[in-house]
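Enquirer:
Residue numbers (the numbering used here), protein chains in the order written: chain A, 14 to 341; chain B, 14 to 341.
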């Protein structure tokens with residue numbers, strides 16, 4: 014019998030382990046075109062918090078009493094699908110569980126790029142795709158730009174830092190605590206601001222005395238306000254996430270919102286799904302960067318299906334450096 | 014002796030008549046390349062409030078004790094400049110005074126488009142240029158779009174309504190009070206929301222049940238937040254002004270800022286100066302619209318140089334319908 018984490022109740026503010034329940038899940042026998050997979054790695058991501066609210070968005074909300082979903086890598090253990098063989102590894106969206114039945118269309122065979130398979134949930138997966146297209150397309154970042162990246166020790170932020178450096182940009186990064194800051198510095202960031210050591214506006218004004226051309230936002234709130242304050246003319250902001258607001262119903266307030274006008278700032282929200290048609294471009298650019306060591310991958314690994322909610326909750330406490338993963 | 018309004022002190026919050034002083038201004042005799050003009054019409058605009066703060070922006074701040082500046086139309090009374098003759102009308106930036114000495118480069122002869130001269134401070138001037146390029150370029154509004162325009166009874170907003178209708182868009186407009194709303198309806202707006210009659214979010218949700226593709230922002234604050242709430246996927250916001258915040262130091266707060274991500278909203282601030290190289294395009298599109306009556310001009314006229322600060326202060330009390338002008 015498979016086991017899956019279910020949404021027991023909708024979180025109100027910060028989620029707790031009480032919102033989740035691990036239950037048996039009866040899987041059907043395979044129909045034509047389906048495979049059964051045993052999951053090896055599960056992804057937990059901040060965006061999942063949004064799906065726990067009963068709000069229409071770009072993906073439907075999770076339903077109370079139903080299994081949760083998310084990125085995962087599994088091994089095929091049984092197949093009635095053409096072109097998919099037992100033993101092959103696939104990436105899919107039926108995470109938060111140990112076993113799943115997938116339609117052929119939802120099971121994506123991992124390309125053979127010679128990297129550890131879990132990286133397809135990180136730097137070569139949705140995380141990397143988000144960082145790559147958010148920086149280069151949504152924010153239109155160009156060589157020579159001064160780029161500010163928040164949550165730079167996180168999964169997406171740490172890839173943004175490295176892609177920006179590989180493309181000849183100056184990188185100002187923020188992270189929480191000395192250890193994370195050291196790691197971000199080791200990735201090549203030119204200036205690293207410890208946002209826990211003082212107001213981010215002060216840190217950013219000192220770290221980027223010439224201002225910024227690009228802001229890659231993973232945080233929102235005070236970070237976004239500080240970026241507005243120091244933006245140069247024609248600055249571009251790519252809004253990837255606003256983790257500061259996911260569990261806090263207080264409206265975000267902005268002292269520097271009017272600078273949008275005088276500095277001609279463009280702020281653009283984006284969703285990684287919109288870039289899936291350009292995956293070929295992503296693999297051909299990123300795989301060599303990873304092979305050469307120009308872009309490094311780092312994971313924070315939690316072991317065991319039982320720990321999946323803990324891994325997820327840890328995202329909001331800054332417990333991960335790099336990509337947070339669950340290993341089954 | 015010329016007379017000019019000077020900045021007596023910097024306003025703290027809402028400006029008052031105490032911040033302004035009408036004083037004699039000794040003008041130099043003409044050098045080669047200069048003209049002397051007698052001003053006939055002065056423009057007062059919300060953006061001038063920003064220049065009264067001691068803050069670096071896209072134009073330098075006004076200085077305490079110095080004359081104020083702004084758009085004006087004057088008649089040449091003396092000329093040492095090639096191609097500029099006494100009796101000719103010019104548009105220039107030495108407003109807030111009755112007489113001025115201008116360099117040739119700062120005196121722009123009015124093109125002969127067969128419209129009343131004061132319209133070159135409104136629908137055919139900076140006001141119209143702002144509306145036209147803000148809507149069609151900054152917001153990339155297209156035929157068929159649902160466009161929300163705030164302060165639609167104001168100078169810029171009323172032109173946006175008319176250009177949007179002329180281009181085949183659906184227009185949702187907001188204005189303050191029944192009389193202004195009636196006028197905006199007469200300009201062709203499909204739905205008009207009286208923001209003084211209830212929360213703008215409620216009005217907008219009812220007035221635009223299918224959401225909005227474009228928001229032309231003259232107000233900021235709650236209007237901007239409501240637009241975020243109802244924006245459809247890939248909506249574009251052009252931020253022209255945020256009059257709600259010009260006199261209020263309270264940081265603007267936003268309940269719906271996170272929708273930038275899920276709805277892939279693009280928010281773009283713009284400055285009309287950046288579009289001056291495209292004035293030819295503007296005149297060739299707008300002059301026929303005005304001649305045909307597709308775009309109408311309306312002015313609120315205050316008479317006498319002495320009343321210039323009153324006209325300016327009236328902008329923040331909603332005293333103008335259409336463009337606020339001072340006639341000398």
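For every residue, glycine included, the Cβ atom is placed at its ideal position computed from N, Cα and C.
1. What residue does the alpha helix (DSSP H) around residue 155 of chain A start on, and which one ends it?
2. So residue 209 of chain B and residue 233 of chain B are supposed to be a Cβ contact under 8 Å. How far apart are they, rounded?
3. On the three-state DSSP scale, how would you describe residue 199 of chain B?
4. Does the segment 108 to 123 of chain B come within contact of the segment 72 to 90 of chain B, defined as at least 3 CB pairs closer than 8 Å?
5. What three-state label does DSSP hand residue 37 of chain A in the structure shown?
6. If the cut is a Cβ gap below 7 Å, which residues of chain B does residue 265 of chain A touch?
7. Would the beta-carbon of residue 241 of chain B fall within 8 Å of that of residue 273 of chain B?
8. Which value, in whole angstroms, describes the spacing of the CA atoms of residue 265 of chain A and residue 26 of chain A?
9. Rounded to a whole number of angstroms, what is the C-alpha to C-alpha distance between residue 129 of chain B and residue 197 of chain B?
10. How would you write the range of the alpha helix (DSSP H) that residue 61 of chain A sits in, first residue to last?
11. If we define contact as Cβ-Cβ less than 8 Å, is residue 42 of chain A a contact residue for chain B?
12. Roughly how many whole angstroms lie between the Cα atoms of residue 261 of chain B and residue 105 of chain A?
13. Can the beta-carbon of residue 48 of chain A be found less than 8 Å from the beta-carbon of residue 94 of chain A?
14. Am I right that residue 173 of chain B and residue 203 of chain B are in contact with their C-beta atoms under 8 Å? What's the rounded C-beta distance?
15. Where does the unbroken alpha helix (DSSP H) through residue 27 of chain A begin, and where does it stop?
16. Mind checking which residues open and close the alpha helix (DSSP H) that includes residue 243 of chain B?
17. Run the CB neighbour count on residue 257 of chain A, radius 10 Å, all protein chains shown included, and call it buried at 16 or more, exposed below.
18. Output, in chain order, the set of chain B residues within a Cβ distance shorter than 8 Å of residue 275 of chain A.
19. What distance in whole Å lies between the Cβ atoms of residue 179 of chain B and residue 308 of chain B, which are believed to be in contact at a cut-off of 8 Å?
20. 8 Å is my cut-off, CB to CB: does residue 287 of chain A come that close to chain B?
21. Residues of the segment 238 to 261 of chain B with a CB closer than 9 Å to any CB of chain A: list them in chain order, please.
22. Applying a beta-carbon distance threshold of less than 8 Å, which residues of chain A neighbour residue 279 of chain B?
23. Pair every Cβ in the segment 128 to 145 of chain B with every Cβ in the segment 279 to 289 of chain B, then say whether three or more of these pairs are closer than 8 Å.
24. Can you give me the start and stop residues for the alpha helix (DSSP H) that residue 294 of chain B sits inside?
25. State the start and end residues of the unbroken beta strand (DSSP E) segment that holds residue 277 of chain A.
26. Residues of chain A with a CB under 8 Å from the CB of residue 233 of chain B: which are they?
27. Between the segment 62 to 70 of chain A and the segment 30 to 48 of chain B, can you find at least three pairs of beta-carbon atoms closer than 8 Å?
28. Can you look up residue 45 of chain B in the DSSP assignment and give me helix, strand or coil?
29. Helix, strand or coil, according to DSSP, for residue 257 of chain B in the structure here?
30. Across which residues does DSSP place residue 161 of chain B in a beta bridge pair?
31. Let me check understanding here. Comparing Cα to Cα, which of B/331, B/320, B/327 and B/332 lies closest to residue 18 of chain B?
32. For residue 254 of chain B, collect the residues of the same chain with a Cβ closer than 6 Å to its Cβ; drop the 5 residues on either side in sequence, then sort them by chain order.
33. Could you give the C-beta distance for residue 200 of chain B and residue 163 of chain B, rounded to a whole number, given that I count them as a contact under 8 Å?
34. In chain order, which beta strand (DSSP E) runs of at least 3 residues are fully inside the segment 61 to 134 of chain A?
35. Distance, Cα to Cα, residue 338 of chain B vs residue 316 of chain B?
Expert: Result, derived from the coordinates:
1. Sequence index remark: in the first chain, residue 155 of chain A carries index 142 (1-based). Per DSSP, residue 155 of chain A belongs to no alpha helix (DSSP H) and is neither H nor E.
2. Residue mapping note: residue 209 of chain B aligns to position 196 of the second chain, counting from 1. Residue mapping note: residue 233 of chain B aligns to position 220 of the second chain, counting from 1. 17 Å between Cβ atoms; not a contact.
3. As a first step, residue 199 of chain B must be located in the second chain, where it is residue number 186. Residue 199 of chain B: helix per DSSP, three-state reduction.
4. yes
5. Against the first chain, residue 37 of chain A aligns to sequence position 24. Looking at residue 37 of chain A - three-state DSSP - the assignment turns out to be strand.
6. Your numbering for residue 265 of chain A matches position 252 in the first chain. Correct list: 266, 267 and 270.
7. Within the second chain, the letter at position 228 stands for residue 241 of chain B. Within the second chain, the letter at position 260 stands for residue 273 of chain B. Cβ atoms of residue 241 of chain B and residue 273 of chain B: closer than 8 Å.
8. Here residue 265 of chain A refers to the residue found at position 252 when the first chain is read from its first residue. Here residue 26 of chain A refers to the residue found at position 13 when the first chain is read from its first residue. Each residue's alpha carbon lies about 15 Å from the other.
9. What you label residue 129 of chain B is simply residue 116 of the second chain in a count that begins at 1. What you label residue 197 of chain B is simply residue 184 of the second chain in a count that begins at 1. Each residue's Cα considered, the two are about 22 Å apart.
10. Mapped onto the first chain, residue 61 of chain A falls at position 48. From DSSP, the alpha helix (DSSP H) with residue 61 of chain A extends over 60 to 64.
11. Taking the first chain and counting its residues from 1, the one referred to as residue 42 of chain A is at position 29. No, because no Cβ of chain B sits closer than 8 Å to the Cβ of residue 42 of chain A.
12. Working through the second chain from its first residue, we reach residue 261 of chain B at position 248. Working through the first chain from its first residue, we reach residue 105 of chain A at position 92. Taking the straight line from one Cα to the other gives about 50 Å.
13. Numbered from 1 along the first chain, position 35 holds the residue referred to as residue 48 of chain A. Numbered from 1 along the first chain, position 81 holds the residue referred to as residue 94 of chain A. For residue 48 of chain A and residue 94 of chain A, yes; Cβs fall inside 8 Å.
14. Taking the second chain and counting its residues from 1, the one referred to as residue 173 of chain B is at position 160. Taking the second chain and counting its residues from 1, the one referred to as residue 203 of chain B is at position 190. In fact, because the Cβ distance is near 13 Å, the residues do not count as touching under 8 Å.
15. One-based indexing of the first chain puts residue 27 of chain A at position 14. Element bounds for residue 27 of chain A: n/a, residue is neither H nor E.
16. Translated into positions along the second chain, residue 243 of chain B becomes position 230. 234 to 243 is the extent of the alpha helix (DSSP H) around residue 243 of chain B.
17. The count along the first chain starts at 1 and reaches residue 257 of chain A at position 244. Flag for residue 257 of chain A reads buried.
18. Sequence index remark: in the first chain, residue 275 of chain A carries index 262 (1-based). In chain order: 63, 70, 71, 282 and 284.
19. Position 295 of the second chain, counting from 1, holds the residue named residue 308 of chain B. Position 166 of the second chain, counting from 1, holds the residue named residue 179 of chain B. 7 Å between Cβ atoms; contact.
20. Indexing the first chain from 1 puts residue 287 of chain A at position 274. Judged by the 8 Å Cβ criterion, residue 287 of chain A is in contact with chain B.
21. 238, 246, 250, 252, 253, 254, 255, 258 and 259
22. Position 266 of the second chain, counted from the first residue, corresponds to residue 279 of chain B. Near residue 279 of chain B (Cβ distances below 8 Å), the residues of chain A are 279, 280, 281 and 282.
23. yes
24. Residue numbering aside, residue 294 of chain B sits at position 281 when the second chain is read from its first letter. Residues 292 to 305.
25. Here residue 277 of chain A refers to the residue found at position 264 of the first chain. Segment: none, residue 277 of chain A is in no beta strand (DSSP E) and carries neither H nor E.
26. Here residue 233 of chain B refers to the residue found at position 220 when the second chain is read from its first residue. In chain order: 270 and 271.
27. no
28. Mapped onto the second chain, residue 45 of chain B falls at position 32. Three-state result, residue 45 of chain B: coil.
29. Residue 257 of chain B sits at position 244 when you count from the first residue of the second chain. Residue 257 of chain B: helix per DSSP, three-state reduction.
30. Residue 161 of chain B sits at position 148 when you count from the first residue of the second chain. Note: residue 161 of chain B sits in a beta bridge opposite B/185 and B/228.
31. To locate residue 18 of chain B, count along the second chain from 1; it is residue 5. Checked all of B/331, B/320, B/327 and B/332; the closest Cα to residue 18 of chain B is B/320.
32. Within the second chain, numbered from 1, the residue matching residue 254 of chain B stands at position 241. Counting only Cβ-Cβ distances below 6 Å, and skipping sequence neighbours, we find 59 and 231.
33. Position 187 of the second chain, counted from the start, is the residue given in the question as residue 200 of chain B. Position 150 of the second chain, counted from the start, is the residue given in the question as residue 163 of chain B. Not a contact, Cβ separation roughly 15 Å.
34. 85 to 92, 102 to 105 and 112 to 116
35. By 1-based counting over the second chain, the position of residue 338 of chain B is 325. By 1-based counting over the second chain, the position of residue 316 of chain B is 303. Going by the C-alpha atoms only, they are around 8 Å apart.
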